[in-house]
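Asks: In terms of full-length UniProt numbering, the sequence shown opens at residue 1 and continues consecutively.
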Amino acid sequence: MFLDSKELRGRERFSGAGLYPAAITEVGGTKWGYIDRSGKFFIQPTFDAAEDFQDNGLAIVTKDCLSGIIDITGCYIVEPKYDNISAYSEGRAVVWEKGLAKMIDEKGKEIFQTEGSIGAMKENRAWLNKNIDDSSWLGGYVDRDGNVIVSPQYSATGDFKCGKAVVELKNSQGYAIIDLDGKILNTFNYAFVGDLGNGLLPYKETTDGKFGFIDEKGKVIISPQFDGAQPFENCRAVVVNYKDYWPYYGLIDTRGNQVIPLKYNEVKFIGEGRVAVGIPLSRESSFAGSKCAIADLNGKFVTDFLYTYITEYKRGYLSVSDGVTTFFIDKYGRRALELPRVEGEGTLSFIDDLIKVNIDNRTAYLDLSGEIVWKQSKDVVLNHQYVVRSIKYKPRRDYIVYYPQIEGMKDREAQRKVNKRLKEMSLSKGMDGEDFEYSYDSDFTVTFFKKDLVIIEISGYLYPYGAAHGMPSRVYAHIDLKTGKFYELTDLFKKDSDYVKVLSDIIKQQIIQQGEDSPVWLDEYKGIKPDQPFFITEDALNIYFLPYEIAPYAAGFPTFTIPFKEIMSLIDVKGAFWQSFH
């Protein structure tokens with residue numbers, strides 16, 4: 001049966017904005033704005049990032065590393081001034097600014113703040129954590145008007161659900177269930193008690209013990225027998241046991257019976273009374289992802305293990321990928337023939353009258369019949385002669401590279417060599433085979449173009465499965481479009497200049513001037529190398545270091561800006577590098 005937009009509308013609340021985040025790519029990076037249903041920009045692309053419009057007709061945007069909020073006309077409700085902004089919940093959002101967490105209303109008015117953190121509003125209550133010192137805090141609850149209903153007194157706090165929340169009492173005194181006013185309904189002297197669901201709570205008797213479930217009075221309903229347990233939902237709970245560090249997930253009912261046996265790589269709720277059940281893509285690592293099937297809450301499978309991507313149900317459908325294409329299926333596992341099918345792996349989602357496509361790190365919008373309304377392009381037009389094309393290389397599902405290729409150079413042989421090198425710089429050498437131990441993503445940005453010089457930043461991220469984090473990479477190609485030469489740092493300076501020492505001393509002085517705020521380990525800084533990573537801007541030289549080289553991982557790529565005017569005596573102003581952009 002064909003479903004038109006009115007029928008799909010009836011299944012879900014719409015934002016009513018009719019506006020959708022979309023981007024253009026130009027010299028300097030990607031800018032985001034909002035298109036209308038016809039695919040034309042209604043709010044011009046001026047933002048560094050743009051989120052979907054929420055049900056209240058507001059959207060979070062980012063500019064110059066600061067977040068703000070706009071309405072459907074593109075006007076600021078909140079100017080970009082916050083470090084981060086959460087999505088609205090029950091008419092309230094949380095913002096972070098200079099170490100403070102603040103709650104704001106839909107007009108941007110600040111209602112409450114704390115030195116710590118604030119949770120999402122649930123049932124007119126949001127948990128708050130107030131810092132006591134650098135390593136500890138106490139939690140309480142605040143209402144939507146900013147009134148502290150429960151003063152900070154708990155070691156941990158959970159969201160309210162059906163008028164109740166689970167909290168951890170301070171000084172290791174156990175856990176408790178409280179009501180909306182903070183009244184303690186019951187206490188539990190256990191090492192851990194989780195959130196309430198269907199009248200049951202996951203718990204552990206001892207820190208290194210197994211998980212079981214108790215009821216709200218503390219009676220043991222399911223004896224401790226699991227290595228991990230999630231709260232009950234629809235009278236089912238996801239549980240896991242480990243063997244030789246390998247997880248085995250399953251689904252149990254409220255009596256502890258295994259509805260789906262504990263033998264799968266993952267089990268997750270996806271709505272409509274369904275769960276996604278996964279088997280490992282690789283026998284070498286459970287972290288490499290799953291090939292999933294769909295089952296009901298009684299353990300009956302409605303599909304085979306066919307899908308690498310599965311979303312949650314929305315308007316009666318979810319999107320899946322079979323490794324080649326991405327499409328919608330219904331709760332019975334049948335493909336929705338009246339809805340689009342897209343080449344590639346990723347997700348499809350309904351947003352108002354359109355379908356948002358996220359495939360291989362690129363975005364597009366389709367109408368319900370599958371016609372393209374708008375499609376993201378990463379090609380960058382430099383001028384009437386030069387274009388930097390974005391080419392995809394995807395040898396396997398978890399290795400996706402978009403590498404730059406230049407068009408328009410008069411010297412075709414030089415262009416061929418330039419493009420060969422650009423591709424090589426974008427790939428993770430020797431790591432694009434059939435290997436499920438890591439994932440790799442790479443993309444590029446044209447950061448600068450003037451006269452004959454184009455600068456392309458190539459960024460990558462290598463993630464070993466199971467690691468706490470991956471390793472980012474960054475390299476800049478400074479290319480002369482006339483000759484095809486890739487300029488190095490030494491090309492900027494006179495032959496007899498001691499640029500290494502001079503730049504090293506300038507950077508050391510900058511580190512010292514940063515004082516205690518500097519993330520750099522001063523004793524690890526030994527100066528720069530002759531071929532130190534760098535990039536230039538219109539008026540300055542920028543020297544950067546790799547993660548862990550002189551600072552912790554969280555510091556990223558420590559970068560030091562040195563205005564050209566401070567080092568003009570060293571620069572070879574008649575050299576090819578300088579002349580390429582002057």
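Every residue gets a Cβ at the ideal spot worked out from N, C-alpha and C, and that includes glycine.
1) Going by C-alpha to C-alpha distance, which of LEU462, PHE448, TYR463 sits closest to ILE456?
2) What are the start and end residues of the alpha helix (DSSP H) that includes ARG421?
3) Would you mind sorting ASP321 into buried or exposed? The rule is 16 or more other CB atoms within 10 Å of its CB.
4) Quick one, which of LEU58, GLY18, TYR76, SER38 has its alpha-carbon nearest THR46's?
5) Classify MET568: buried if its beta carbon has 16 or more other beta carbons within 10 angstroms, exposed otherwise.
6) Give the list of continuous beta strand (DSSP E) stretches no shorter than 3 residues that lie fully inside the stretch 470-524.
7) The alpha helix (DSSP H) that contains PHE577, what's its start and end?
8) Would you check if the stretch 540-557 and the stretch 451-465 touch, i.e. whether three or more CB-CB distances between them fall below 8 Å?
9) Buried or exposed: GLN230, going by 16 or more other Cβ atoms within 10 Å of its Cβ?
10) Quick one: which unbroken beta strand (DSSP E) runs of 3-plus residues sit fully inside the stretch 162-230? Chain order, please.
11) For THR25 and GLY470, I'd like the C-alpha separation in whole angstroms.
12) Following a CB-centred definition, is LEU354 positioned closer than 7 Å to any heavy atom of the ligand NAD?
13) What does the alpha-carbon distance come out to for the pair LYS6 and SER89?
14) For GLN113, which beta-bridge partners are listed by DSSP?
15) Check each candidate in ARG92, SER117, ILE111 and name the one with the smallest Cα separation from ALA101.
16) Which of the three DSSP states, helix, strand or coil, is assigned to TYR465?
17) Could you tell me the alpha carbon to alpha carbon distance between ALA59 and LYS40, rounded to whole angstroms?
18) Would you call the CB atoms of LEU489 and PHE545 closer than 8 Å?
19) Report the three-state DSSP secondary structure of TYR287 (helix, strand or coil).
20) What's the gap between the Cα of ARG412 and the Cα of GLY484?
21) Pick out whichever of ILE571, LYS451, LYS417 has its Cα sitting closest to the Cα of SER580.
22) Please state if the CB of TYR154 and the CB of GLY174 are separated by a distance shorter than 8 Å.
23) For my contact list, ASP304 and ARG274 are in at a C-beta cut-off of 8 Å; report their separation, rounded to the angstrom.
24) Hey, how far is the Cα of ASP134 from the Cα of GLY74?
25) Taking the C-alpha atoms as reference points, what is the distance between TYR245 and GLN385?
26) Between the Cα of ASP215 and those of TYR242, THR187, ASP227, ALA336, spot the shortest distance and give me the residue it belongs to.
27) Consult DSSP for LYS565 and reduce its assignment to one of helix, strand or coil.
28) Does DSSP put ALA555 in a helix, a strand or coil?
29) Tell me which residue opens and which closes the beta strand (DSSP E) that ASP133 is part of.
30) DSSP three-state call for residue 608: helix, strand or coil?
31) With DSSP as the reference, label VAL238 as helix, strand or coil.
32) May I ask you to report which of helix, strand or coil DSSP gives VAL302?
33) What three-state label does DSSP hand ALA50 in the structure shown?
34) Where does PHE53 land, buried or exposed, given buried means 16+ other C-beta within 10 angstroms?
35) Just the C-alpha distance for LYS109 and TYR82, rounded to the nearest angstrom, thanks.
36) Out of ASP253, ILE222, ILE221, state which residue places its alpha-carbon closest to the alpha-carbon of GLU233.
Replies: Quick answer:
1) With distances taken between Cα atoms, ILE456 lies closest to PHE448.
2) Annotation: the continuous alpha helix (DSSP H) that includes ARG421 extends over 412-426.
3) According to the sequence displayed, residue 321 carries Ser and not Asp. By the C-beta density criterion, SER321 is buried, having at least 16 other C-beta atoms within 10 angstroms.
4) Selected option, being the one with the closest Cα: TYR76.
5) Under this definition MET568 is an exposed residue.
6) Fully enclosed beta strand (DSSP E) runs of 3 or longer: 471-480.
7) From DSSP, the alpha helix (DSSP H) with PHE577 extends over 576-579.
8) With the cut-off at 8 Å, the stretch 451-465 and the stretch 540-557 do not touch.
9) Looking at its Cβ environment, which holds 16 or more other Cβ atoms inside 10 Å, GLN230 is buried.
10) Within the stretch 162-230, the complete beta strand (DSSP E) runs of at least 3 residues are 164-169, 175-179, 184-188, 200-204, 211-215, 220-226.
11) Rounded to whole angstroms, THR25 and GLY470 show a C-alpha spacing of 26 Å.
12) This structure simply doesn't include the ligand NAD, nor any ligand for that matter.
13) For LYS6, the predicted structure reports a pLDDT of 45, less than 50, and the residue's modelled location is therefore unreliable. A value from the coordinates is still provided. The alpha-carbon atoms of LYS6 and SER89 are separated by roughly 26 Å.
14) Looking at the DSSP assignment, GLN113 forms a beta bridge with LYS102.
15) If we check each option's Cα against that of ALA101, SER117 comes out closest.
16) Here TYR465 carries a coil assignment [DSSP, helix/strand/coil].
17) Each residue's CA atom was taken as its position, placing ALA59 and LYS40 some 18 Å apart.
18) Going by beta carbons, LEU489 and PHE545 fall outside the 8 Å limit.
19) First, the residue type needs correcting, since residue 287 is Phe and not Tyr in the sequence shown. In this structure, DSSP gives PHE287 a helical state, which the three-state scheme calls helix.
20) ARG412 and GLY484 have their alpha carbons spaced roughly 10 Å apart.
21) In terms of Cα proximity to SER580, the closest of ILE571, LYS451, LYS417 is LYS451.
22) No, Cβ-Cβ distance for GLY174 and TYR154 is not below 8 Å.
23) About 15 Å separates the two Cβ atoms, so there is no contact after all.
24) C-alpha of ASP134 to C-alpha of GLY74: approximately 40 Å in a straight line.
25) Between TYR245 and GLN385, the C-alpha separation is close to 57 Å.
26) Looking at the Cα atoms, THR187 is the closest of the given residues.
27) Of the three classes helix, strand and coil, the one that applies to LYS565 here is helix, per DSSP.
28) ALA555 falls in the helix class under three-state DSSP.
29) Where ASP133 is concerned, the enclosing beta strand (DSSP E) starts and stops at 126-133.
30) The chain is shown only over 1 to 582; residue 608 falls outside these bounds and no answer can be derived.
31) For VAL238, the three-state secondary structure derived from DSSP is strand.
32) In the three-state reduction of the DSSP assignment, VAL302 falls in the coil class, being assigned neither a helical nor a strand state.
33) Correct three-state label for ALA50: strand.
34) Buried: at least 16 other Cβ atoms inside 10 Å.
35) Answer to the nearest angstrom: the Cα atoms are 13 Å apart.
36) GLU233 has its Cα closest to that of ASP253, out of ASP253, ILE222, ILE221.
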